[in-house]
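Take a look at the structure set out below.
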Amino acid sequence: MSDPSKPGSSMESSNDIDMASDTSDNKMSPIEKPPPEVLSYALSFIPDRASIRAAMISGPTLYNAFKQRQAYIASCILFNSMDEPVYREAIVTFNMKIAEWKGVKAGIKAINRVYSSEQQRIYSQFLTFDRVKEMWRLHKAVEYFAERLPSSLIRNHPVVKYKNAYSINTNVRVRFQRALYRLDACLKITELMIASQLHDNHGKNRAPTEEEHKEAHWVHCLKDLEEHRILKAFHSQYSAVEIEQLTSICGMLVTEIAPSFNTFLERDIELGTQLPYYITHALCPGSMSLISQGLPFLKDFLTAGSRPLRAKVMRRINPPIDWNPNLPTRPPFPGNDEQLTCIVHDYEGTPGKWARMDTPDFMMRTPFIKDPDPGPECAWHVLSRYAIFLNESDEEVTPYQSLPWGYVFWDIDMFEKAEFTHIRIEHHNEFGFTLEANHPIHDSWQPLAKWDSNMATDRLLMSSQEKVYLKNRGETGYFNFDSWILETEAHLFQELNNMPREVLANAMRDMATPELLQQFFQTMEAQHPEIVQMAIDLSTAGVGNAWVAGTLTETPVPEDENEDDAN
């Protein structure tokens, strides 16, 4: 055994090591002393991405601690940045998107499983770093549109800008964010629904049986019935107001994206050869083709600062969008509450049947998350498409066009400030709900009217033919739409000017009705008053000069077709 008193003994060597270790610990910074797993846990409480980046570049210790549990840390920072209702909606959206199923029976089971209270969490085995990055990208898009959509309404819509009554507070922002997550989940459900249609019946369609017709009398085949069952299972997880928010948010997205997209369509050779029609309303065939690309794509497209950058965003779509207007695999617009449709039918709903009473629970349903403000529910009671069953009326009821301005997203005090008198359920049950004749809810709002006309349609179709010609010559990229219009119409005028008067007179005589001739005058006067004057001079056109003059006195002033894209 070694003698501890002698130099070089094991005891002395051990003391030397301990002293060296103590000296090394004294030189370590406090951040380097905790174990990596403790540091990883501490990093999960950092409030934002900027702070975590700063921590990572501060030194190898924190960088290694982040790398050790990067999915966990990044997800904690994301979830901690959300309001509680948004967090709960994001969780079920995540779980719904990773659920894989085929066939209507498996789809209904998957939906019910995801929305069960036991499953409203994310299990660690599914929380990969790539998935967390996708969640971050989706949330940034949700935040972007939850700010942009209500801001556009407040700025532009006659109802929402009335008396400066509406604003974006926490309640409004949370409702928009939740609805956007709900739309993302809905898109995934419809994608799988379409991909596995008729799976349970070995791919064969058939007419519904008598018993199936009782379940949904409006369906025409098994495929329609399967779609109804899947969507009903999804809709039943939410209240009628929450599904109305889903419908409204989808329509608002289309309206917000369409101006930028239509302008890009006019000026891009490649897209112009594929798509010969504008996006002019929410139910337009191409609308859901765009929406189904997802919120991150839509954000990237709108925030791209130039046409070439937007072209790069469009080229990222793989496979490219099939713009066939009759495409059977296009997701349907979420425009109908399948659960409520069945309820109204089963309870034999008639106008005014449930008037002067609180909204029946079987109509409203239990919300996924209870709203702290009564505004959306009160508004739905009197302004929704189903208000006919909930209110008395001696006259024929014309539903208000409320979905475009997001009527189910605002607080009750905002409605009252905007002169929605007696909008609270307890008030309109007692006094009735009325709106003054001069209230802006009666005003027409057509933000996409510029592209929704025969002239605009014809111009785009003709330009599409020109773009095909250019593409066949090997040209791609920018198309000068405005210059092409001027050249084309100048050429048209030259041809008309050179046309013999009797030929032009015969062409106008062939217009079978005064309405067609009036439409011709109104269209042509807007762009070429010379041609209209020529037509007026043609007394042989078969239409009296007095009538011709009458058609020209109230011609509307056209919108500027060359107005720059506001987005």
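Heads up, the working numbering is the position in the sequence shown plus 3, with the first residue counted as 1. Glycine included, C-beta positions come from ideal geometry on N, C-alpha and C.
- Taking C-alpha positions only, Asp133 is separated from Ser290 by approximately 29 Å.
- Your pair Tyr165 and Pro443 checks out as a contact, with CB atoms roughly 5 Å apart and the cut at 8 Å.
- Going by DSSP, Gly110 is part of the alpha helix (DSSP H) stretching over Val107 to Tyr118.
- Taken through DSSP and simplified to helix, strand or coil, Asp485 comes out as helix.
- In the DSSP assignment, Asp340 is bridged to no other residue.
- Taken through DSSP and simplified to helix, strand or coil, Asp349 comes out as helix.
- Going by beta carbons, Ala182 and Ile94 fall outside the 8 Å limit.
- For Ser61 and Cys79, the gap between their C-alpha atoms comes out near 20 Å.
- Shown here for Lys191: same chain residues with a beta carbon closer than 7 Å to its own, the five before and five after excluded, namely Met99 and Lys100 in chain order.
- Between the C-alpha atoms of Tyr66 and Glu150 there is a straight-line separation of about 33 Å.
- With fewer than 16 other Cβ atoms from the protein chains shown falling within 10 Å of its own Cβ, Leu312 counts as exposed.
- Where Lys420 is concerned, the enclosing alpha helix (DSSP H) starts and stops at Ile415 to Lys420.
- Counting the other CB atoms within 10 Å of its CB gives Ile282 a total of 16 or more, which places it among the buried residues.
- Put simply, the backbone Cα of Ile346 is about 55 Å away from that of Thr491.
- The C-alpha of Phe412 lies about 17 Å from the C-alpha of Glu259.
- By the beta-carbon neighbour count (other beta carbons within 10 angstroms, threshold 16), Ser292 is buried.
- In chain order, Ile94 place their CB closer than 8 Å to the CB of Arg124, counting only its own chain and leaving out the 5 sequence neighbours on each side.
- In this chain, the alpha helix (DSSP H) harbouring His142 covers Phe132 to Asn159.
- Straight-line measurement puts the Cα of Met138 at about 28 Å from the Cα of Pro379.
- If you ignore the 5 residues before and after Lys356, its C-beta comes within less than 7 Å of the C-beta of Phe392, all in its own chain and listed in chain order.
- Residues Leu201, Cys224, Leu225 and Lys226 of the same chain have their beta carbon placed closer than 8 Å to that of Asn208, with the five preceding and five following residues left out of the count.
- Per DSSP, reduced to three states, the secondary structure at Asp271 is strand.
- In this structure, the alpha-carbon of Glu218 lies about 21 Å from that of Asp364.
- Within the model, the alpha-carbon separation for Asn321 versus Tyr481 is close to 21 Å.
- For Pro63, the enclosing alpha helix (DSSP H) has its first and last residue at Pro63 to Gln71.
- When only Cα atoms are considered, Ile55 and Tyr75 end up about 13 Å apart.
- The beta carbon of Arg318 lies closer than 7 Å to none in the same chain, with the five residues before and after it left out.
- Close CB contacts of Ala168 within its chain, under the 6 Å cut and outside five residues either way in sequence, are with Met417, Lys420 and Ala421 (chain order).
- Ala198 and Phe179 have their alpha carbons spaced roughly 29 Å apart.
- Taking C-alpha positions only, Arg368 is separated from Leu343 by approximately 9 Å.
- Straight across, the Cα-Cα distance linking Gln248 with Arg185 is about 9 Å.
- When the alpha-carbon of Asn115 is set against those of Met59, Ser239, Glu433 and Ala45, the nearest one is in Ser239.
- The alpha carbon of Leu81 has as its nearest neighbour, out of Gln128, Lys112 and Val145, the alpha carbon of Val145.
- Between the segment 468 to 475 and the segment 270 to 278 there are three or more C-beta pairs closer than 8 Å, enough to call the two in contact.
- For the 8 Å CB-CB criterion, Pro279 and Leu156 do not form a contact.
- In the structure shown, Ala45 adopts helical secondary structure according to DSSP, grouped into three states.
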